[in-house]
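According to the numbering used here, the sequence shown is numbered sequentially starting from 1.
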Amino acid sequence: QMWEEAIALGKELAEQYENEMFDYEQLSELLRKQAQFYENIVKVIRPKPDYFAVGYYGQGFPTFIRNKVFIYRGKEYERREDFEARLLTQFPNAEKMKTTSPPGDDIKNSSGQYIQCFTVKPKLDLPSKFHRPVSEQIVSFYRVNEVQRFEYSRPVRKGEKNPDNEFANMWIERTIYVTAYKLPGILRWFEVKSVFMVEISPLENAIETMQLTNDKINNMVQQHLNDPNLPINPLSMLLNGIVDPAVMGGFTNYEKAFFTEKYMHEHPEDHEKIEKLKDLIAWQIPFLAEGIRIHGEKVTEALRPFHERMEACFRQLKDKVEKQYGVRAVLSSLDDRRGSRPRSMVRSFTMPSSSRPLSVASVSSISSDSTPSRPGSDGFVLEPLLPKKMHSRSQDKLDKDDLDKDKKEKKKEKRNSKHQEIFDKEFKSTDISLQQSEAVILSETISPLRPQRPKSQVINVISSERRFSVSPSPPSSQVTPPPITPRTKLSFSIQSNLELNGMSSSDIPDVPPPLPLKGSMADYGNLMESQDLISPTTSPPAHQRVSP
């Protein structure tokens, strides 16, 4: 489950597949695997193994482990007792040491075998690419992987013992272990190369404890926001232990130990640290408020009294902290973590098709048929809008066209009749030639698939005045193709385009243009021939014909 390492190796392979081997099939499969790895990092919760420091002391051990300390990575969910049992099976004559302090020379130089084992905590070392706050699900991998520094903390009491408050004189003796290589590596254990020790004062220990508590609350809140199906029990235990500390007393012990006039007078150098501790206490309130809000949404009816008691304790705690240390506010975690899209992008993807402007293709498809012409035309997929000049049929211009329609008609009536006749004549010939050219293209496409009918049959069909039609109605004995007559009036404007597309039906002629004569059903081979026989006067000029 070390998907981060698999992604790094996959990027090396992708470079080879893409730029060296040009094996795009392997590249596509590899990229699909990488996508799944990224999804696993965010969604899958991985177990965090424990790390153990093991010291082999005495002359009875082999030389490569004698008087040396190693850091072991335990298995998933492996406890220290199980690890020790597994370790002692390899050295059945060894004796387990009961202290965690380093042994003296008498033990190191003895002829026996002594094993010292205790749990150490890995120290987080984030890569440099994480220069801004990221999700805890991403950072959690680096808390137990790619680690080289480990620490072990041991409490030490200095000075007089205070029975009322044990935090006042509790120092921490922290030992730092640095391994030869980062864990995990090719092995599950590496030798410790350097060891050093630091002491942490009681006030510094209190600051660390408050910081860890706040981080723990915040991380659990983020996990529940990412996955609402998580169980609520761990959150209940965490919140109740902080809001209603019946045993330890919470941060009240810190107030009694460090926020007194006596301590400030004896330790004037700790003024900044005391202010930092107060700030951490104040910041705990908004984290607790968010956790209790989530707990209230997910709590069952059986735990409702428990939640109400926790809310009552939190209200008292909140009033006390805000009165003494001020008010802190946390921004919306969802917007800060995930990052919001630009509002224009969100509006484009969520706007329904009825409220957004339609493209020319959309208007024509709606006018010609009630069903969408292609998948996604109902608004879920964006359609590219044409430039403004080509957008003459868009919905936002329909009203304006209707208002200007009457004015345009009056202006056209005042035109010179001679110019109008010339214009009508030229446009009519252009229209007819377009229809004829379309017939030529159709005949050239289909005629090679089927031989043409002899001319004698075509002439016989015309002489008998029979017409074959696709419609299921019975043929009429006196149906003859009407001659092609010029239209009464043609207008070349935006209005006519809209009318032809079904936007308005007020000015469309009642009689549609005649259909070309067909010899039989789906027989387009003799279309041009029959058209020439019936209306030879309407044939287009030679320069307008479409050559095969």
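Ideal placement from N, C-alpha and C gives every residue a C-beta, glycine not left out. Given the structure is predicted, the values throughout are model-derived calculations rather than measurements.
In the assembly as shown, I285 is a buried residue. Its beta-carbon has 16 or more other beta-carbons within 10 Å. Per DSSP, S153 is one residue of the beta strand (DSSP E) stretching across V147 to R157. Between the segment 130 to 145 and the segment 155 to 164, the count of C-beta pairs closer than 8 angstroms stays below three; the two stretches do not touch.
If you check the CB distance, G10 and L27 do not come in under 7 angstroms. K43 carries a helical assignment under DSSP once its states are collapsed to helix, strand and coil. One thing to note: P103 has its Cβ no nearer than 7 angstroms to the Cβ of Y152. When C-beta atoms of the segment 102 to 117 are compared with those of the segment 215 to 223, fewer than three pairs fall below 8 angstroms, so the two segments do not count as touching. In the DSSP assignment, F52 forms a beta bridge with Y72 and T119. Nearest Cα to L303 within the set L235, S201, E272 and E84: L235. A direct Cα-Cα distance of roughly 24 angstroms separates V144 from E204. Apart from sequence neighbours up to five positions away, no residue of its chain approaches Q316 with a beta-carbon distance below 6 angstroms.
Distance check between D50 and each of Y72, A14 and G60 places Y72 closest, using alpha-carbon atoms only.
Residue pairing by DSSP puts K96 in a beta bridge opposite I115. For E173, the secondary structure class from DSSP, reduced to helix, strand or coil, is strand.
Separation of the CB atoms of Y181 and A53 is rounded to 16 angstroms, and the pair is thereby denied contact status at 8 angstroms. Setting aside the 5 residues that flank it on each side, W189 is surrounded in the same chain by F70 and Y72, each with a C-beta closer than 6 angstroms to its C-beta; the list follows chain order. By the neighbour-count definition (other C-beta atoms within 10 Å, threshold 16), H131 is an exposed residue. Within the same chain, and ignoring the five residues on either side of L280 in sequence, the residues whose Cβ sits closer than 8 angstroms to its Cβ are I207, M210, Q211 and N214. I200 is bridged by DSSP to I172. For G185, no alpha helix (DSSP H) encloses it, and the DSSP letter there is neither H nor E. The residues V178, T179 and A180, in chain order, have a CB closer than 8 angstroms to that of K193 in the same chain once the five nearest residues on each side in sequence are set aside. Taking F251 as reference, the option from R309, K278, P228 and D23 with the minimal CA-CA separation is K278. In this structure, N218 places its C-beta atom within 7 angstroms of the C-beta atom of F287.
For K273 and Y17, the gap between their C-alpha atoms comes out near 55 angstroms.
Sorting P305, P516 and K33 by C-alpha distance to the C-alpha of L13 places K33 at the top. Counting only residues of its own chain and dropping the five nearest sequence neighbours on each side, K121 has a CB closer than 6 angstroms to the CB of E151. For V192, the pairing in a beta bridge is given by DSSP as T179.
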